[in-house]
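Asker: Here the UniProt record's numbering is used: the first residue of the sequence shown is 1, the next is one more, and so on.
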Amino acid sequence: MTQNVGIAEAAPAAVEPCPSVQALELIAGKWALRILPALENGPVRNNALLRRVGGGISQKMLTQTLRALEANGLVLRTVYDAVAPHVEYRLSPLGESLNRTLVGLDDWVKAHWAEMERIRKMQVDSE
1 MTQNVGIAEA APAAVEPCPS VQALELIAGK WALRILPALE NGPVRNNALL
51 RRVGGGISQK MLTQTLRALE ANGLVLRTVY DAVAPHVEYR LSPLGESLNR
101 TLVGLDDWVK AHWAEMERIR KMQVDSE
């Protein structure tokens, strides 16, 4: 009898996370996956981004997530020193590339979610 094991079970704990795992840790959080698509149509001011992301995100969490995305080259921050200073955020070319990949992932999930649910239900029922 064969048994499928997950990646976490198959990989030794002492191994350094590979770049893919590190990248997924950055973007797989609740807010990054909402912020990146919210920036896909061009520069957005902070308050408008807060409204677009929605879902109960706080200003503090928005700022922390934007800083992490900016530090990894996915988001660009522009400060306008005008009479009414303001900040705008937009996707960098790297962020645009990632966003296209996330759209592909979303398409895959939509195509296969029902099957995944069916399998999960079968496993729960068999326990």
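Where is the CB? At the ideal position from N, CA and C, for every residue including glycine.
So what's residue 16 in DSSP terms, helix, strand or just coil?
Answerer: coil
Asker: From residue 32 to residue 115, what distance separates their C-alpha atoms?
Answerer: 26 Å
Asker: Can you tell me where the beta strand (DSSP E) with residue 83 in it begins and where it stops?
Answerer: Note, residue 83: premise wrong, no beta strand (DSSP E); not H, not E.
Asker: Cβ of residue 39 within 8 Å of Cβ of residue 94?
Answerer: no
Asker: Could you name the residues of the same chain whose beta carbon sits closer than 8 Å to that of residue 120, not counting the 5 residues immediately before and after it, in chain order?
Answerer: none
Asker: When the Cα atoms are used, what is the spatial distance from residue 85 to residue 79?
Answerer: So the alpha carbons of these two residues sit roughly 7 Å apart.
Asker: Please classify residue 53 as buried or exposed, where buried requires at least 16 other C-beta atoms within 10 Å of its C-beta.
Answerer: buried
Asker: To the nearest angstrom, how far is the alpha carbon of residue 1 from that of residue 125?
Answerer: For residue 1, the predicted structure reports a pLDDT of 49, less than 50, and the residue's modelled location is therefore unreliable. The matter cannot be settled from this model.
Asker: List the endpoints of the continuous alpha helix (DSSP H) containing residue 95.
Answerer: 93-126
Asker: Is it buried or exposed for residue 109, if we count other Cβ within 10 angstroms and need 16 for buried?
Answerer: exposed
Asker: Based on the DSSP output, what are the partners of residue 76 in its beta bridges?
Answerer: 90
Asker: Just mark residue 24 as buried or exposed, buried being the case when its beta carbon has 16 or more other beta carbons within 10 Å.
Answerer: Under the 10 Å beta carbon count, residue 24 is surrounded by fewer than 16 other beta carbons and is classified as exposed.
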